[in-house]
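Here's the structure we're looking at; comments come further down.
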Amino acid sequence: MASNRPAPEAPSAPSGHGTDTFGYDGYRTEEGPWEEWNPTAESIRPVRGRHRVAKQRGGLARSSTVLGVGVIAAVGAGGMASAQTGKPPVSISMPDLPNVGSLLPGDDEKSEPEGSATPLSGITQAVAADSAEKTGTTGAGESLRARIMAQAEQQQAQVETKAAAEAAAAAEKKAAEAAAKAEKEAEEKAAAAKKKAEEEAAKKAEAERLAKLAKQFTLPTSSYTISSTFNQAGSLWSSGHHTGLDFAAPTGTLLKAVHSGTITSAGWDGSYGYKTVLTLDDGTELWYAHQSSINVSVGQQVTTGDVIGRVGATGNVTGAHLHLEVHTDGGTGIDPMAWLQSKGLTP
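Structure representation (structure tokens):
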């Protein structure tokens with residue numbers, strides 16, 4: 119900071135009068151005119167190089183300059199304090215100055231003792247306090263910090279609220295999915311139980327039906343062994359495959375009517391030997407071949423279990439057995455094993 123050069127001495131000074139500490143006595147008529155000194159007549163120029171502070175000397179110019187600089191510094195300090203940079207305001211103090219009023223003519227010298235001074239630090243503190251009162255206790259920085267904190271808290275609250283809502287929605291969705299899954303499982307379980315019950319009921323009904331059929335149907339002979347099955351290939355048969363089901367049994371074993379019906383054929387039939395044809399009410403024909411004897415005649419009505427003949431070895435055979443064939447109403451030969459099973463019988 120540049121400093122002022124010391125004020126020069128006045129061009130002339132009245133003689134023979136007493137002086138106070140910082141001035142002269144009043145003007146007297148016996149003295150001639152004298153030049154008035156202007157303290158601001160000289161220009162102030164900055165000191166280059168190292169700053170040197172001139173030795174303090176008494177005088178009105180020095181006091182006024184220092185006082186002005188102090189006031190400017192105080193105002194600047196007040197502005198810095200109002201900015202609230204986060205640091206407490208720095209107190210600026212200056213050397214005590216003599217009472218300026220005592221230097222001016224016409225002032226009441228008794229208003230303040232000679233040589234008294236008012237500390238500049240008091241002015242600085244007063245300006246800073248006044249600035250602090252205007253800007254508020256928190257200041258601009260504190261207000262900004264408070265706004266940022268409030269905004270952050272609001273954003274945090276929004277995030278927490280959103281997270282809570284998402285968690286609640288996820289929990290609700292999970293509960294709904296669990297309920298739907300449980301309901302679906304219950305429905306599937308009920309459907310499976312119903313299906314199982316229906317299957318068991320159907321199975322039971324079929325068993326009852328077969329039991330009734332078993333009473334209505336019977337196997338054609340007893341004490342037998344299955345020796346050949348339907349459609350079995352071999353050179354023993356002229357067609358190249360077997361057309362019936364063979365029950366191997368000793369000669370003379372009784373042959374019974376499988377179901378109630380009418381005898382439509384009885385006698386010799388070439389390679390079949392002695393053969394009997396039993397026609398059921400639905401048109402199905404049962405052929406009994408290779409018999410040793412026939413006990414029925416054409417047109418005779420028989421019932422389930424009636425004896426119609428005996429096992430033999432007549433016709434094209436290699437041993438005693440019953441050759442049983444089943445033909446539909448249209449004359450097509452079918453598997454006797456499957457047909458007997460459909461009637462509740464197991465050969």
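Sequential numbering of the sequence shown, starting at 119, is according to this note's numbering.
The beta carbon of each residue, even a glycine, is placed where N, CA and C say it ideally should be.
For clarity, every value in this text was computed on a predicted model and none was experimentally measured.
Review point. Between ARG263 and LYS292, what straight-line distance do the alpha-carbon atoms span, to the nearest angstrom?
Key: 42 Å
Exercise for review: Return the Cβ separation of TRP405 and GLU443 in integer angstroms, given the expectation that the two are a contact with Cβ distance under 8 Å.
Suggested key: 4 Å
Check your understanding: For ALA320, which residues of its own chain have a beta-carbon under 7 Å away from its beta-carbon, when the five flanking residues on both sides are left out?
Key -> none
Practice item. Measure the C-alpha to C-alpha separation of ASP424 and LEU337 and round it to an integer number of angstroms. Key: 11 Å
Exercise for review: Please confirm if the stretch 355–369 is in contact with the stretch 424–443, defined as three or more CB-CB distances below 8 Å between the two stretches.
Suggested key: yes
Exercise for review: Please go through the same chain and pick out, in chain order, the residues whose beta-carbon is closer than 6 Å to the beta-carbon of VAL416, but skip the five residues on each side of it.
Suggested key: ILE381 and ALA384
Review point. DSSP state of THR446, grouped into three classes?
Key: coil
Point to revise | Residue span of the beta strand (DSSP E) that contains SER346, given as start and end | key: 343–346
Check your understanding: Which residues in the same chain as SER345 place their Cβ atom closer than 7 Å to its Cβ, once the five residues preceding and following it in sequence are excluded?
Key -> ASP364, ALA366 and HIS439
**Study point:** Range covered by the beta strand (DSSP E) that runs through GLN350
**Key:** Premise fails: GLN350 is in no beta strand (DSSP E) and is neither H nor E.
Exercise for review: Take the Cβ of LYS314 as the centre, count every other Cβ of all protein chains shown within 10 Å, and call the residue buried at 16 or more, exposed below.
Suggested key: exposed
Review point. Quick one: what's got a C-beta closer than 7 Å to PRO454's C-beta in the same chain, skipping five residues either side?
Key: PHE348, GLY362, LEU363, LEU442, GLU443 and VAL444
Review point. Helix or strand or just coil, what does DSSP make of LEU328?
Key: helix
Review point. Taking the C-alpha atoms as reference points, what is the distance between GLY449 and ASP399?
Key: 15 Å
Exercise for review: Report the three-state DSSP secondary structure of VAL425 (helix, strand or coil).
Suggested key: strand
Review point. Taking C-beta to C-beta, are ARG428 and GLY388 nearer than 9 Å?
Key: no
Review point. Taking the alpha-carbon positions, what's the ALA304 to GLU316 distance?
Key: 18 Å
Review point. Below 9 Å between beta carbons: does that hold for ASP446 and GLN409?
Key: Position check: residue 446 holds Thr in this sequence, whereas Asp was assumed. For THR446 and GLN409, no; Cβs fall outside 9 Å.
Review point. Can the beta-carbon of THR74 be found less than 9 Å from the beta-carbon of ALA375?
Key: Limits of the chain in this structure are 119 at one end and 465 at the other, which puts residue 74 out of reach.
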